[in-house]
Amino acid sequence: MKVLVIEDEQGLAESITDYMVKDGYICETVTTFRDAEEKIHLYTYDCVIVDLTLPDGNGFQLIEMLKRLMATTGVIIISARNTLEDKLKGLDIGSDDYLTKPFHLSELNARVKSLMRRRQFGGYTEIRFQELVVVPQTRKVFVNGQPTTLSRKEYDLLLYFLSNIDVALTKASIAEHLWGDNIDSADSFDMVYSHIKNLRRKLLEKGAADYIQSIYGIGYKFSQP
Amino acid sequence: MKLLAKTNRIYLAFSLVIYLLTALAFYQIIRLLIYEEVESRLRVERRDFETYVRIHNTWSSSPYFVENKIEVVPVSKRQSVRESFRDTLILNRYDNELTPFRQLTFYEPIHGVMHRVSIRKSLIQTYRLIEVITATMVVFLGLLLLGMFWFQRRLSGQLWYPFYETLSRIKQFDLSTNSSLDLSPTTITEFNELNDVLQKMAAKMQQDYRSLKEFTENASHEIQTPLALINAKVEQLIQTESLSESQTHWIETIYQASRRISRLNQGLLLLAKIENRQFNDSQCIDLANLLAQKLADMDDVLSFKHLSIQVGPVVPFEVSLPTALADSLVTNLVNNAIKHNQPNGRIELASTPDQLCLRNTGGALTTEPERLFERFKKESSGPDSVGLGLSIVRQICDSYGLRIAYQAADGVHEICIGRAS
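Protein chains in written order, with this note's numbering: chain A, 28 to 252; chain B, 808 to 1228.
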């Protein structure tokens, strides 16, 4: 899958690219409006990650241009501007998602994956990882073919893990993924812990392997034991 | 008191005093003149009398006539005073009224016998004259006073018109719009200077407002982007397998710190934007319902902390607020009620059409209640708290005509939002 990252901050563009490449994406990076314009005219991408404030232009114009050229390309805006007007305008002209800087790379990755799932196969797709199968459309989870009942947050948590396999996820990024930006409580990490404990117990009960590893001081990682 | 009313009042009081003094002086002068006239006539009569006595060496008087009466009384010894004038009242025998007279008394020997002679003249006509003159003067001075007063009013009204015009333009002036303050030139130098100064000030204020607005927008971008970079790099760094325990700890600290800066930055920018009134899409929003929804959204946080919710009668409490701010308001209120709660505590919500109250159980305050809404005022020094939540709530309330009140009693803290009167 081909992703174009349009971001003027070189270091951030690099980090995004590195993260995506590790996950198996083909990633290209441009830092200016002019280069981005050239790229979207020449090639087609499955997903474009675009910053709104570019040194020589506005991200909104790029999105409008892109939507005229190739309407099926997924667009995710990453911007330091967090006003409601910007978000609404972004969605209005055809972008699929809006992430406010600073964001977690794992969150961006999860959003890209979710977007790709929605775009491809008419939205019907299963996520498989070893003996786990998740059907996002019906929000059902199967372990070795047996259905497993998860709470809303546990399901979101599992999907977040499955989008970021083999990646160390910070507690903060998990908390923000589950409860949004507004979670401002010191208890959120304890709540993350409690949800992870429940998820792990439920998966183990159905006979899955113990995929969730705790990383000291940082957070958790979902990977082969 | 209005400027014109005030000047008119002072003018009126001052004029009254002056006019009264003038009237008094006028009265005295007329009186003096009349007395002088009467007295000179009395002296003439005295000469006539003396001449008569010298020629005839006798005097017969008829005491019948009151007017111009000359009274001659023999006296044994002559008084030391040669002649004296005095006022006297004499009873009019027909209408039984006392009539004022001026009387000249002197001593004259007739047939070698000293007599006291009193000649008097009625003052009744002159008194009437004074009355008429005084009355006329009062009427004319009064009319003059009223006329001046009316003229002054008209004149001041016209003179001050540019001032009131300027005042009403300033009142209508809105800093956040792009239209500049237009004040029409006048013929009065001082008002022109005033208008000039005001226009310059308004232009400066607008420019400051614009640059402040741009600053908050740029600051947001310029600070959030490096923070995004730090976050991204830290996230990449923690993917490294061979991190020692202390390295992990350092990374975690960096990560937490950058997240705190980010929150702080967002909070301060939000406050600045509310202060600058950069939100202007106010809508009618039912805060009570929004708050109830927010509480429902937080159900897993609430159940995790074993907090129970009691939603009392939720009557719509409708206020006019920008959507984004209404959301920020209720989020901060709910977060505050959760954060400062105690295990197995309660959160209660009640509303009336004029007031919305959120109560939560919690420990006693360590700071003064009034300082709770100040920036960076934290009850607990948790690393996750930047201490801006309640000041954002306060700022939103202050800027959009709402009143916020805090009360604590018996371990129950209550924050009420009502309409500012």
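Note that beta-carbon positions come from the ideal geometry of N, C-alpha and C, so glycine has one too.
Note that the structure is a prediction, hence the values are computed from the model and not measured.
Could you tell me the boundaries of the beta strand (DSSP E) in which residue i lies?
i                       : result
residue 987 of chain B  : Premise fails: residue 987 of chain B is in no beta strand (DSSP E) and is neither H nor E.
residue 105 of chain A  : 101 to 106
residue 155 of chain A  : 154 to 156
residue 1012 of chain B : Premise fails: residue 1012 of chain B lies in the alpha helix (DSSP H), 996 to 1044, not in any beta strand (DSSP E).
residue 1118 of chain B : 1115 to 1121
residue 16 of chain A   : The structure shown does not extend to residue 16 of chain A, since chain A is modelled only from 28 to 252, so the question has no answer here.
residue 120 of chain A  : Careful: residue 120 of chain A lies outside any beta strand (DSSP E) and carries neither H nor E.
residue 247 of chain A  : 246 to 249
residue 167 of chain A  : 167 to 170
residue 240 of chain A  : 239 to 242
residue 173 of chain A  : 173 to 175
residue 1126 of chain B : 1125 to 1129
residue 160 of chain A  : 159 to 162
My understanding is that residue i touches residue j, with C-beta atoms under 8 Å, so please give their C-beta distance in whole angstroms.
i                       : j                       : result
residue 1160 of chain B : residue 1215 of chain B : That pair is no contact at about 25 Å.
residue 1219 of chain B : residue 1174 of chain B : That belief does not hold up - the Cβ atoms of residue 1219 of chain B and residue 1174 of chain B are roughly 17 Å apart, past 8 Å.
residue 1139 of chain B : residue 1200 of chain B : 5 Å
residue 119 of chain A  : residue 142 of chain A  : No, residue 119 of chain A and residue 142 of chain A are not in contact; Cβ-Cβ is about 17 Å, not under 8 Å.
residue 1119 of chain B : residue 1156 of chain B : 6 Å
residue 225 of chain A  : residue 181 of chain A  : 6 Å
residue 833 of chain B  : residue 944 of chain B  : 6 Å
residue 136 of chain A  : residue 233 of chain A  : Their Cβ separation, rounded to whole angstroms, is 27 Å, which puts residue 136 of chain A and residue 233 of chain A out of contact at 8 Å.
residue 948 of chain B  : residue 818 of chain B  : Residue 948 of chain B to residue 818 of chain B, Cβ: 15 Å. No contact.
residue 189 of chain A  : residue 161 of chain A  : 6 Å
residue 987 of chain B  : residue 1013 of chain B : 7 Å
Have a look at the DSSP bridge pairing and note the partners of residue i.
i                       : result
residue 233 of chain A  : Per DSSP, none; premise fails for residue 233 of chain A.
residue 897 of chain B  : B:906
residue 74 of chain A   : A:30, A:101
residue 1214 of chain B : B:1221
residue 127 of chain A  : A:106
residue 922 of chain B  : B:881, B:915
residue 954 of chain B  : Its beta-bridge partners do not exist; DSSP assigns none.
residue 1153 of chain B : B:1115
residue 830 of chain B  : Residue 830 of chain B is not bridged to any residue.
residue 892 of chain B  : B:911
The alpha helix (DSSP H) spanning residue i covers which residue range?
i                       : result
residue 202 of chain A  : 198 to 206
residue 1088 of chain B : From DSSP, residue 1088 of chain B is part of no alpha helix (DSSP H); its letter is neither H nor E.
residue 1167 of chain B : Where residue 1167 of chain B is concerned, there is no enclosing alpha helix (DSSP H), although the beta strand (DSSP E) it sits in stretches over 1162 to 1168.
residue 867 of chain B  : Careful: residue 867 of chain B lies outside any alpha helix (DSSP H) and carries neither H nor E.
residue 44 of chain A   : 37 to 49
residue 1110 of chain B : 1106 to 1111
residue 86 of chain A   : 86 to 96
residue 183 of chain A  : 179 to 190
residue 1148 of chain B : Run containing residue 1148 of chain B: none; DSSP gives neither H nor E here.
residue 194 of chain A  : That residue, residue 194 of chain A, is in no alpha helix (DSSP H); it is neither H nor E in DSSP.
residue 140 of chain A  : 132 to 146
residue 1194 of chain B : Taken as a continuous stretch (DSSP letters only), residue 1194 of chain B belongs to no alpha helix (DSSP H), as it is neither H nor E.
So the candidates are the options; which of them puts its Cα closest to the Cα of residue i?
i                       : options                        : result
residue 219 of chain A  : B:957, B:954, B:1112, B:1060   : B:1112
residue 968 of chain B  : B:981, B:948, B:993, B:826     : B:993
residue 1107 of chain B : B:1098, B:1145, B:1071, B:1075 : B:1145
residue 168 of chain A  : A:203, A:102, A:235, A:48      : A:235
residue 1086 of chain B : B:1127, B:1068, B:829          : B:1127
residue 1147 of chain B : B:1109, B:1134, B:1122         : B:1109
residue 1035 of chain B : A:166, A:114, A:78             : A:78
residue 58 of chain A   : A:45, A:43, A:73, A:32         : A:32
residue 1162 of chain B : B:1122, B:1031, B:999          : B:1122
residue 113 of chain A  : A:87, A:131, A:93, A:101       : A:87
residue 230 of chain A  : A:116, A:165, A:249            : A:249
residue 60 of chain A   : A:93, A:83, A:51               : A:83
residue 101 of chain A  : A:71, A:81, A:85, A:111        : A:71
residue 837 of chain B  : B:1070, B:936, B:1067          : B:936
residue 895 of chain B  : B:927, B:865, B:883            : B:927
residue 1050 of chain B : A:191, A:195, A:217, A:207     : A:195
residue 1093 of chain B : B:1225, B:813, B:858           : B:1225
residue 1166 of chain B : B:914, B:1102, B:941           : B:1102
residue 95 of chain A   : A:116, A:67, A:85              : A:67
residue 26 of chain A   : A:176, A:45, A:156             : For residue 26 of chain A there is no data in the structure shown, the boundaries of chain A being 28 and 252.
residue 970 of chain B  : B:950, B:991, B:960, B:952     : B:991
residue 1230 of chain B : B:877, B:867, B:862            : Given that chain B is displayed from residue 808 to residue 1228, the structure contains no residue 1230 of chain B and the question cannot be resolved.
Within the present structure, is the beta-carbon of residue i separated from the nearest heavy atom of the ligand NAD by less than 7 Å?
i                      : result
residue 125 of chain A : For the ligand NAD, the structure offers nothing, since it holds no ligand at all.
What are the residues of the stretch 1033 to 1056 of chain B that lie near chain A, defined by any Cβ-Cβ distance shorter than 7 Å?
1034, 1035, 1036, 1038, 1039, 1040, 1042, 1043, 1045, 1046, 1052, 1055, 1056
Listed in chain order, which residues of the stretch 110 to 127 of chain A have Cβ atoms closer than 7 Å to some Cβ of chain B?
111
In chain order, what residues of the stretch 1100 to 1123 of chain B put their CB closer than 7 Å to some CB of chain A?
1107, 1108, 1111, 1112
Contact residues within the stretch 46 to 62 of chain A, judged by C-beta distance below 9 Å to chain B
46, 49
Output, in sequence order along the chain, the residues in the stretch 215 to 246 of chain A whose CB is closer than 9 Å to any CB in chain B.
215, 216, 217, 218, 221, 222, 242, 243, 244, 245, 246
Closer than 8 Å between beta carbons: that is the criterion. Which residues of the stretch 77 to 95 of chain A meet it against chain B?
80
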